Amino acid sequence: MGAGMTDANPQATTLSGRLTALANPTRFLALADRLVPWLGGIALVVLAVGLYLAFAAPEDYQQGSTVRIMYIHVPFAWLSMFCYSLMAASALGTLVWKHPLADVALKSAAPIGAAFTALALLTGSIWGKPMWGTWWVWDARLTSVFVLFLMYLGIIALTRAMDDPGRSARAAAILTLVGFINIPIIKFSVDWWNTLHQPASVFRLDGPTIHASLLWPLLICALGFTLLFLTLHLMAMRAEIWRRRVIAMQRLSARKAERAAR
Amino acid sequence: MLALFLRETRLGVRAGSGALTGVLFFLAVVAVIPFGVGPDLNLLSRIGPAILWIGALLASLLGLERLFQADREDGSLDLLLIADGRHMTALTVFVKCLAHWAVNVLPLVVVTPLLGLFMNVEPLGIAAATATLAVGTPAITFIGAVGAALAVALPRGGLLVSVLVLPLTIPVLIFGVAAARGAVADPDPFLPPFLILAALMLFFAVIGPLAAALALRWSGD
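Top line first, the protein sequences correspond to chains A and B.
Each position in the first sequence, counted from 1, maps to that position plus 628 in the working numbering.
Each position in the second sequence, counted from 1, maps to that position plus 270 in the working numbering.
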């Protein structure tokens, strides 16, 4: 699985042994080929069940039907953070263990994470229009997610700016880790900034807890979207490995052609 | 290390106009704002500290990509990296940041009171804005060093450095402006955000050079 592979854990000898075995791209490709259909299938089934339950769930007494946006919005927001944590773990894998797949994992996770963050912002905005009467509020949480989105875009820009995959991998890893250290600071400062400028609680989730009838569909949806994310991530990693192989082969054939011409 | 500081300072002053361009940019940004929001002096005095901070933030990003690039072009960066055994690379980066700050960013802090007058900020507010800028801008330079080190091998890294660095400077901006405003607006406190700003500066003084040194060592091969 995508997460298990990047969360390298030195204590578990069997796990680290398996991780070392996965450093061979061919072996990883074989595993990914086997996993992707299953993961994708399970993700689709779980998502179908979750979305069905979401539409079957009772409506909120205040928000009416719009509360159903929550069932996709919250998983998106959760995945935007999950993906960044996964990238930070991959960055550690690149810098500390020099695992060749960690850099592939980081590079291919960034666009997916950016897409999920954008979706979280978009669905939140669509949800916010009927609820708060505006598309955007400079609320602390919205602002920090927006900053997270900017950081995703910065990492993508950096990985795309360099030709040499090894060099871009290390640069992206350092940037990801620096960003990861900074995220709590940004969150804290944005909270401070917001409470300083605005009277408290423009909005809040309805009450401290959600009723179980709403919570279960939400959890199932979150699980489904996480599985979907892992599937997409595996596919992106597979594509990235293939892309590097194609580039290597092109270089090789160009060199051969040059030698033949001489 | 002192020799390195002097060398950097001398190079920065002699390469010339870098600091002056930064000040000019700062001046231009601050001068453009009233045209955008209108010449209402009350409004300007209210948003004045924020404008000064944003202008200084943007202006201090200007020269960042030259922080390591000039040294890389003439090869002295490799020498500094090879000397890792005698002088820790992170310390070298730290000194370079200090020199860069003294040459390129300190002038911005110096002209802040003048620009504050343009913005009709009251004297106490001007003093607070200058003090917060003096404490906060080193943090921007230290974060910027990471971006500069990451983009050092890129031919056109300047814009990328700004894009990478700006999201990370948001906490500095928030607490800088909060402290500068806290000195003027009555219910808001001045000291807590100012102390947090100082803490952020010290924190980035450690994180920034370490990460930049790591990035430089791996970009060099």
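Just so you know, even glycine gets a beta-carbon here, dropped at the ideal spot from N, CA and C.
None of the values given here were measured: they were computed from a predicted structure.
Straight-line Cα distance separating residue j from residue i
i	j	result
G306 (chain B)	L851 (chain A)	48 angstroms
L480 (chain B)	A419 (chain B)	11 angstroms
T439 (chain B)	F445 (chain B)	10 angstroms
A320 (chain B)	A415 (chain B)	24 angstroms
V765 (chain A)	L776 (chain A)	16 angstroms
V381 (chain B)	A298 (chain B)	12 angstroms
D791 (chain A)	N390 (chain B)	50 angstroms
R284 (chain B)	N374 (chain B)	12 angstroms
L290 (chain B)	A421 (chain B)	24 angstroms
A705 (chain A)	F816 (chain A)	18 angstroms
S753 (chain A)	R696 (chain A)	14 angstroms
D341 (chain B)	L331 (chain B)	18 angstroms
V433 (chain B)	L778 (chain A)	9 angstroms
I413 (chain B)	L436 (chain B)	9 angstroms
Q826 (chain A)	V454 (chain B)	With a pLDDT of 44 at Q826 (chain A), under the threshold of 50, the modelled position of this residue cannot be trusted; read the value that follows with caution. Cα to Cα, Q826 (chain A) sits roughly 18 angstroms from V454 (chain B).
CB of residue i within 8 angstroms of CB of residue j, strictly
i	j	result
M865 (chain A)	S736 (chain A)	yes
M709 (chain A)	L734 (chain A)	no
L707 (chain A)	I848 (chain A)	no
F460 (chain B)	A398 (chain B)	yes
P793 (chain A)	R872 (chain A)	yes
L220 (chain B)	V379 (chain B)	Nothing can be reported for residue 220 (chain B), as the shown portion of chain B is limited to 271 through 491.
L327 (chain B)	L443 (chain B)	yes
F388 (chain B)	V476 (chain B)	no
M698 (chain A)	L880 (chain A)	no
S489 (chain B)	A423 (chain B)	yes
A899 (chain A)	L842 (chain A)	One cannot answer for residue 899 (chain A) here, as it falls past the ends of chain A, which runs 629 to 890.
L862 (chain A)	V702 (chain A)	no
Proximal residues to residue i (C-beta, below 7 angstroms), its chain only, five neighbours per side dropped
i	result
Y780 (chain A)	A738, G741, A742, T745
P463 (chain B)	F445, A448, A449, G452
L597 (chain A)	Coverage of chain A is limited to positions 629 through 890, which leaves residue 597 (chain A) absent and any answer about it impossible.
P304 (chain B)	L314
A799 (chain A)	L786, M790
L657 (chain A)	R866, I869
Cβ-based neighbour list, residue i, same chain, cut-off 6 angstroms, excluding 5 preceding and 5 following
i	result
I396 (chain B)	P383, G386
L350 (chain B)	T362
E335 (chain B)	A418, G427, G428, V431
A576 (chain A)	Past the edges of chain A, shown from 629 to 890, lies residue 576 (chain A), and the structure says nothing about it.
F473 (chain B)	none
Three-way DSSP call (helix, strand, coil) for residue i in this model
i	result
H357 (chain B)	coil
W760 (chain A)	helix
K735 (chain A)	helix
G427 (chain B)	coil
V391 (chain B)	coil
W766 (chain A)	coil
N652 (chain A)	coil
V447 (chain B)	helix
G478 (chain B)	helix
M865 (chain A)	helix
P319 (chain B)	helix
Same chain, Cβ closer than 8 angstroms to residue i, five either side skipped, listed in chain order
i	result
L803 (chain A)	G782, I783, L786
G761 (chain A)	none
V677 (chain A)	I848, G852
beta-carbon residue i near the ligand MN non-hydrogen atom, thresh 7 angstroms
i	result
L860 (chain A)	Because no ligand of any kind appears in the structure shown, any question about the ligand MN cannot be addressed here.
Does the structure place the segment 367-374 of chain B close enough to the segment 276-283 of chain B that three or more beta carbon pairs sit under 8 angstroms? yes
Of the residues that make up the segment 841-855 of chain A, which ones have a beta carbon closer than 8 angstroms to any beta carbon in chain C? No chain C appears in this structure, whose protein chains are A and B.
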